[in-house]
Amino acid sequence: MHDLPSVVPKSLRLSADTVRGEAHPISEQQACRIPVCSTHPSGCDIRLLRGGRRFHPQFCPHRGCRHHCRGVGFWYIHWGSYRNSCFGRIQRFRCRGCGGSFSEMSFSADIYIKRRACYRRLQSVLCDGAGVRAAARRLECSTGTVANRLQRSGRAAFATLARLSPLLKHHESLAFDGFRSFCVSQHAPCDLTHLIGLDSEYVYAFDYAPLRRGGRMSEAQRRARARFEEHLRAAPEATEESARRLYDALLTTADFPLKAGRREIWSDEHPGYDRAWQAHPHLIHAQSRGWFIHRTVSSRRARNQHNPLWAVNYFDRQLRKDLAEHHRESVCHARSVSAMIARFALYAVYHNTEKPRRIRGSRTPPAAERVCTSHAVAAGAPAKAVAKLMLWRLTCRPFLSREHLGEFAELWWRGQIPTPPDGRFPELPQYAFA
Ligand SMILES: [Zn+2]
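Here the sequence shown is numbered in the working numbering, starting from 149 and rising by one per residue.
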């Protein structure tokens, strides 16, 4: 299922049931034995995971090669080795299909890295209310290193969400709503719209929509907004476009024909959501077959557990609390849309796979137990598959050509979402497009 088998310890190998994507209940004792992270002090490393055994590449990393999907037969030869000060001796290979050479680091999350920084620590720092500079202090590295690892973690997070999707049960009703924040300036607000399961509170998908600043403004603020918007102004239909992409993601998450009957999709009464729904032929078709029904609730209704949007309101609160850029009156606000989306993706995966769905009392469960009680498991994913994906995310390099990403994830991955006010795009390394 995943391209890990030769580097994953035996204890992590999946049973036949898990591979078929069926729920595989395990006891709490068994759960605690699932290794969710390498215990090496320098963090997860693809080379440590194979525990001294030889590395066997499963496919050619060069896009366009006939062995890129899966290496067939004796498709590679050993091609010497080299050393670097960070990882020691590294084995090189040569593909017999395309003639290109590569090394074991070509499959590692740490490709081209000359300095280690633990992805797990970075995640726990960033998802616990620290800004970029605070994260750099805690990891004892530069802010540039944090930004670099964040982009890598963001790509791994989007790939993990895509890989988790086919493992879920997809029977619960869903809710979506926009989380209001801003990037660069308060003159550039945006909505981060997320789609959440009402029972599991699993984040299925999210999207980004730039907005124009509205509400009451003084004359000076109006002039400042006009100056800010000289080069880049949010399109009025951005919310509808964002909702359309989210509906596409919704359709890909559903397992048609729906066996569990009608699935309710809840949102607030934003007119853009309804316009996007009415303009979506596949959703209208699904609605006419009785598979989906769009229900709305006033955004002024009390945000308690009786509110149908409780799950999205809960996740909004967590975001506001846990991500420094979304705190009220934050001085750590996002400076780049690309980095903001990467942090959101990282947080969504952290929420889905590493946070217990419900917790009471002062006890902190061990990591493996947290996976077994996570939102992903509540949404139907087998615990062992989730644990394996967590390990994969922290150690392996995701390839754009090998992932089944949605439209929004691909836009972000290719660096096609501009940051106001000058509309700059992120600079991405060539290897990110393989
Ligand atoms: Zn090749």
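The beta carbon of each residue, even a glycine, is placed where N, CA and C say it ideally should be.
Please report how far the alpha carbon of ARG268 lies from the alpha carbon of GLU502, in whole angstroms.
-> 11 Å
Tell whether a beta-carbon distance below 8 Å holds between SER527 and LYS317.
-> Note on residue identity: the sequence assigns Ala, not Ser, to residue 527. Yes, they are a contact pair.
Cβ-Cβ distance between LEU457 and TYR495 below 8 Å | The Cβ atoms of LEU457 and TYR495 lie no closer than 8 Å to each other.
Of the residues CYS331, ASP422, TYR260, GLY247, which one's Cα is nearest the Cα of PRO492?
-> A small fix is needed here, since residue 492 is Phe in this sequence, not Pro. Looking at the Cα atoms, CYS331 is the closest of the given residues.
DSSP state of ASN455 mapped onto helix, strand, coil | coil
Compute every distance between the C-beta of HIS130 and the non-hydrogen atoms of ligand 1, then say whether any falls below 7 Å.
-> This structure cannot settle anything about residue 130, because the visible part of the chain is limited to 149 through 582.
Please name the residue, chosen from ARG505, TYR579, LEU274, that lies closest to PRO295 on a Cα-to-Cα basis.
-> The sequence shown places Ala at residue 295, not Pro. Closest by alpha carbon: LEU274.
Using 8 Å as the limit for Cβ to Cβ distance, is PHE235 near chain D?
-> Reference to chain D is not applicable here, since this structure consists of a single protein chain.
Answer with buried or exposed for TRP560, where buried requires no fewer than 16 other C-beta atoms within 10 angstroms of its C-beta.
-> Counting C-beta atoms within 10 angstroms of its own C-beta, TRP560 has 16 or more neighbours from the protein chains shown and is therefore classed as buried.
Does the distance from the C-beta atom of ALA372 to that of PRO569 stay below 8 Å?
-> No, these two residues do not count as a Cβ contact at 8 Å.
Do CYS289 and ligand 1 come close, with the Cβ less than 7 Å from some heavy atom?
-> It does not: the Cβ of CYS289 is nowhere closer than 7 Å to a heavy atom of ligand 1.
Reduced DSSP category for ILE261 - H, G, I as helix; E, B as strand; rest coil | coil
Would you mind giving the Cβ-Cβ distance between ARG240 and SER249, rounded to the nearest angstrom? I have them listed as a contact below 8 Å.
-> 6 Å
Check each residue's C-beta against every heavy atom of ligand 1 and list, in chain order, those closer than 6 Å.
-> If you measure from each CB to the nearest heavy atom of ligand 1, the residues under 6 Å come out as CYS208, HIS210, CYS213, HIS215, CYS243, GLY245, CYS246, GLY248.
Can you grab the Cα-Cα spacing for the pair ARG370 / ARG562, in whole Å?
-> Rounded to the nearest angstrom, the two C-alpha atoms are 34 Å apart.
Going by the CB atoms, is the gap between PRO566 and LEU380 shorter than 8 Å?
-> yes
Can PHE573 and LEU548 be called in contact, C-beta distance under 8 Å?
-> The beta carbons of PHE573 and LEU548 sit no closer together than 8 Å.
Quick check: the segment 378-395 against the segment 356-363, are there 3 or more CB pairs under 8 Å?
-> As far as the Cβ criterion goes, the segment 378-395 touches the segment 356-363, which means the pair count is three or higher.
Pick out the complete alpha helix (DSSP H) segments inside the segment 334-384, 4 residues or longer, and give them in chain order.
-> 367-376
Who are the near neighbours of GLN271 in its chain, counting only those whose CB is closer than 7 Å to its CB and skipping five residues on each side?
-> SER301, LEU494, TYR498
Grab me the residues of LEU537's own chain with a C-beta within less than 8 Å of its C-beta, minus the 5 sequence neighbours each way, in chain order.
-> Scanning its chain for C-beta atoms nearer than 8 Å, with the 5 sequence neighbours on each side dropped, one finds around LEU537 the residues HIS150, THR308, ARG311, LEU312, THR501, in chain order.
Are there 16 or more other CB atoms within 10 angstroms of the CB of ARG297, so buried, or fewer, so exposed?
-> buried
How is the alpha helix (DSSP H) around LEU398 delimited, first residue to last?
-> 386-401
TRP425: which of ASP339, ARG286, ILE441 sits nearest, CA to CA?
-> ILE441
In chain order, each alpha helix (DSSP H) run of at least 4 residues that lies wholly inside the segment 228-307 = 267-274, 280-287
Compute every distance between the C-beta of GLY247 and the non-hydrogen atoms of ligand 3, then say whether any falls below 7 Å.
-> As for ligand 3, it is missing from this structure, which binds only ligand 1.
By DSSP, does GLU517 sit in helix, in strand, or in coil?
-> helix
Quick one: give me the first and last residue of the alpha helix (DSSP H) that GLN322 is part of.
-> Sequence inspection shows Leu at residue 322; the Gln mentioned does not correspond to that position. Looking at the DSSP string, LEU322 is not in any alpha helix (DSSP H); the run it does join, the beta strand (DSSP E), is 322-330.
Measure the C-alpha to C-alpha separation of ALA323 and ASN461 and round it to an integer number of angstroms.
-> Each residue's Cα considered, the two are about 10 Å apart.
Would you say SER447 and ASP416 are within 8 Å of each other, going by their C-beta atoms?
-> Cβ atoms of SER447 and ASP416: closer than 8 Å.
Name the DSSP beta bridge partners of PHE440, please?
-> ARG411.
Same chain, Cβ closer than 8 Å to THR187, neighbours up to 5 away in sequence not counted = Any reading at THR187 must be qualified, since the residue scores a pLDDT of 44, below 50, and its modelled position is unreliable; no value is offered.
Alpha-carbon spacing of SER436 relative to ALA427, whole angstroms = 14 Å
Taking just the CA atoms, how far does LEU287 sit from PRO266?
-> The sequence shown places Cys at residue 266, rather than the Pro named in the question. The alpha-carbon atoms of CYS266 and LEU287 are separated by roughly 8 Å.
Report, in whole angstroms, the separation of the C-beta atoms of SER321 and LEU346, which I expect to be a contact under 8 Å.
-> Indeed they touch by this definition, with Cβ atoms about 5 Å apart.
Assuming SER290 contacts CYS544 under a Cβ cut-off of 8 Å, what Cβ separation, rounded to an integer in Å, is found between them?
-> Actually they do not touch by this definition, with Cβ atoms about 25 Å apart.
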